[in-house]
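Down below is the structure, laid out as structure tokens.
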Amino acid sequence: TWTEPQWLQYPGAPREQIYLNQIRPYCRAPHLFVGFPGRFMAGREIEKGLPITAHPAYETANVTETLFMSSRDGLCFNRWGEAFIRPGPRRERWIYAATFPQYGLLVTKSPFPNAPAELSLYVNDGGGWSQRGTASRFRRYTLRTDGFVSINAPLSGGTVITKPLTFKGDSLTMNYATSAAGSLRVELLDIDGRTIPGHELTEDIYGDEIDGTIAWSGKSVSALAGEPVRLRIELRDTDLYALKFGASRA
Numbered sequence: 012t013w014t015e016p017q018w019l020q021y022p023g024a025p026r027e028q029i030y031l032n033q034i035r036p037y038c039r040a041p042h043l044f045v046g047f048p049g050r051f052m053a054g055r056e057i058e059k060g061l062p063i064t065a066h067p068a069y070e071t072a073n074v075t076e077t078l079f080m081s082s083r084d085g086l087c088f089n090r091w092g093e094a095f096i097r098p099g100p101r102r103e104r105w106i107y108a109a110t111f112p113q114y115g116l117l118v119t120k121s122p123f124p125n126a127p128a129e130l131s132l133y134v135n136d137g138g139g140w141s142q143r144g145t146a147s148r149f150r151r152y153t154l155r156t157d158g159f160v161s162i163n164a165p166l167s168g169g170t171v172i173t174k175p176l177t178f179k180g181d182s183l184t185m186n187y188a189t190s191a192a193g194s195l196r197v198e199l200l201d202i203d204g205r206t207i208p209g210h211e212l213t214e215d216i217y218g219d220e221i222d223g224t225i226a227w228s229g230k231s232v233s234a235l236a237g238e239p240v241r242l243r244i245e246l247r248d249t250d251l252y253a254l255k256f257g258a259s260r261a
């Protein structure tokens, strides 16, 4: 039986024509929902002569692209307004449905030796019913694991302080990418913003890691489990994609 339907909420997002939300739990964090809605933009004509055969009235005066959104409860979503996948330089993609995403997000092996796995997303690549005389096709897009959005800072630096959070486990890992000159440093604060002794700012951390362990002279964070803490993170020419508390790796 069907449950009672509820409207999705998009606080702060403008009213837009959105199709194909393609929502699913994220494989590395099933408590989070990720979605790839298709945005419909009417009246944005690039080139005549590419009529949609099924609905000729559309012609090429309507364009679509893929967005990204996420939620912790499956009802209230943060929807980024900037395009996640743009139509791109090929003119035949500037038509209706040419960049609509397919349902599903796959973990795929990188083609590069010793590189970590990546995420794959399949998207309409034009053709088919939308363009006369062309074959239907999909294009596979790949992105970094957890690489939907990031906290980014220039070389001049930036700082982020999280909301209070509680955790389980004895280890903190982060997904980050710095430049050769960039870095990040991490410290733990109590709920009032005071540095927790033994967990002051780390030395510079640099490199490119999907699950890089953050440590304080080998000291475990297990003593703080269950207590509200904040993270203070200093970044220089760095992207921070994700962080996770959990059990340390064997």
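So the sequence shown is residues 12 to 261, counted in our numbering.
A virtual CB, placed ideally from N, CA and C, is assigned to each residue, including glycine.
In this text the structure is predicted, and so the values were computed from the model without any measurement.
One Cα belongs to G46, the other to S81, and the distance between them is close to 6 Å. G85 and A24 have their C-alpha atoms roughly 16 Å apart.
In this structure, N135 keeps its C-beta atom at 8 Å or more from the C-beta atom of A94. The shortest CA-to-CA distance from D219 to any of G204, L242, G158 and D201 is the one to G158. Nearest to L235 by C-alpha distance, out of F51, Y152, P175 and P112, is P175.
Straight through space, the alpha carbons of A191 and V232 are spaced by roughly 28 Å. For Y30, the uninterrupted beta strand (DSSP E) segment begins and ends at Q28 to Y30. If you check the CB distance, T249 and S194 come in under 8 Å.
In terms of Cα proximity to L19, the closest of C87, R26, G223 and R196 is C87. Going by DSSP, D219 is part of the beta strand (DSSP E) stretching over D219 to I225. Straight across, the Cα-Cα distance linking P122 with K230 is about 37 Å.
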